[in-house]
Amino acid sequence: MSDQSNSVALVTGGSSGIGAAVVRRLSARGTRVASFDLSGESADGALSVAGDVADSAAVEAAVAQVERELGPIDILVCAAGVPGASLPTIEVTDEEWKRTMAINADGVFYCNRAVLPGMIARGHGRIVNVASIAGKEGNPMAAAYSASKAAVIAMTKAIGKDVARTGVLVNCVAPAVISTPILEGLSQEHIDYMVERIPMGRMGTAEEVAALIAWLTSDECSFSTGATYDISGGRAVY
974 MSDQSNSVAL VTGGSSGIGA AVVRRLSARG TRVASFDLSG ESADGALSVA GDVADSAAVE
1034 AAVAQVEREL GPIDILVCAA GVPGASLPTI EVTDEEWKRT MAINADGVFY CNRAVLPGMI
1094 ARGHGRIVNV ASIAGKEGNP MAAAYSASKA AVIAMTKAIG KDVARTGVLV NCVAPAVIST
1154 PILEGLSQEH IDYMVERIPM GRMGTAEEVA ALIAWLTSDE CSFSTGATYD ISGGRAVY
């Protein structure tokens, strides 16, 4: 990937899993990276910004801080998320539904909304939202998670079309099961269900997802917006 030492990226959920892999990947190509994470930690010396993506005021404050300390944001990667509890639909409480939707769907919307004015004004930007194969197919024991990731896919389509003539490209990735700490919140039955449906017979890695995201955030990606890129070991082939 070409040198992007003049670019600034904001990665949510950058302290672990896919987010941390993206921080490492973008940093390695010269991008100045900030990680916005509940833990306030980050990978590979990125600027660390603590906060909750489900809090719109915290998101706005984080964007302002990154732009003060690193410069205008050229790239946004929304990787923060929770798996939701592995529960039959009738056992999902109001609180669990709202928590999962707030982080996985509301958080992505707040972050996209916060960076778009600056990107549009400058006539350039790349946004990648991390969805899931569950958002396309729906997984049992995961009604809230599946719904939240379907929302990410739909809002990516809508936002991508909204800004299609501005120089800002908005896409998302839909991984199948990836070996990251997020799996710690799932039952083994839930994990086995997902792995069994992957023709390649294994989980993906965070680094494999980060490689796809790195291309989508580069200037080499120039004629794609509102799209969903599957990275599923053959589970999704449409």
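Heads up: the sequence shown begins at 974 in our numbering, then just goes up one per residue.
Glycine included, C-beta positions come from ideal geometry on N, C-alpha and C.
Check: Touching by the beta-carbon criterion (3+ pairs, under 8 Å), the stretch 1145 to 1157 and the stretch 1048 to 1056; Outcome: yes
Check: Helix, strand or coil at Leu1159 [DSSP, three-state]; Outcome: coil
Check: Pro1148 - partner residues in DSSP beta bridges; Outcome: Ile1204
Check: Any 3 or more C-beta pairs closer than 8 Å across the stretch 1076 to 1089 and the stretch 1097 to 1113; Outcome: yes
Check: Contact check, Ser1000 vs Ser1008, beta carbons under 8 Å; Outcome: no
Check: Reduced DSSP category for Ile1048 - H, G, I as helix; E, B as strand; rest coil; Outcome: strand
Check: For Ile1063 and Gly1018, the rounded distance between their alpha carbons; Outcome: 44 Å
Check: Reference Ser920, options Val1210, Ala1137, Thr1073 and Glu1162, closest by Cα; Outcome: With the chain running from 974 to 1211 in the structure shown, residue 920 is simply not present.
Check: Run of the beta strand (DSSP E) containing Arg1005, from where it starts to where it stops; Outcome: Arg1005 to Asp1010
Check: The stretch 1172 to 1180 in contact with the stretch 1067 to 1082 per 3-pair CB rule at 8 Å; Outcome: no
Check: Close-in-space but distant-in-sequence residues of the same chain around Leu1185 (CB under 8 Å, 5 per side omitted); Outcome: Val1146, Tyr1202 and Ile1204
Check: One or two residues paired with Val1101 in a DSSP bridge; Outcome: Val1050 and Asn1144
Check: Counterpart residues of Ser1021 in DSSP-defined beta bridges; Outcome: Ser1008
Check: Terminal residues of the beta strand (DSSP E) in which Leu983 lies; Outcome: Val981 to Thr985
Check: Beta-bridge partners of Gly1177, as assigned by DSSP; Outcome: Ile1151
Check: Minimum C-alpha distance to Arg1002 - residue among Pro1172, Val1182, Gln977 and Val981; Outcome: Gln977
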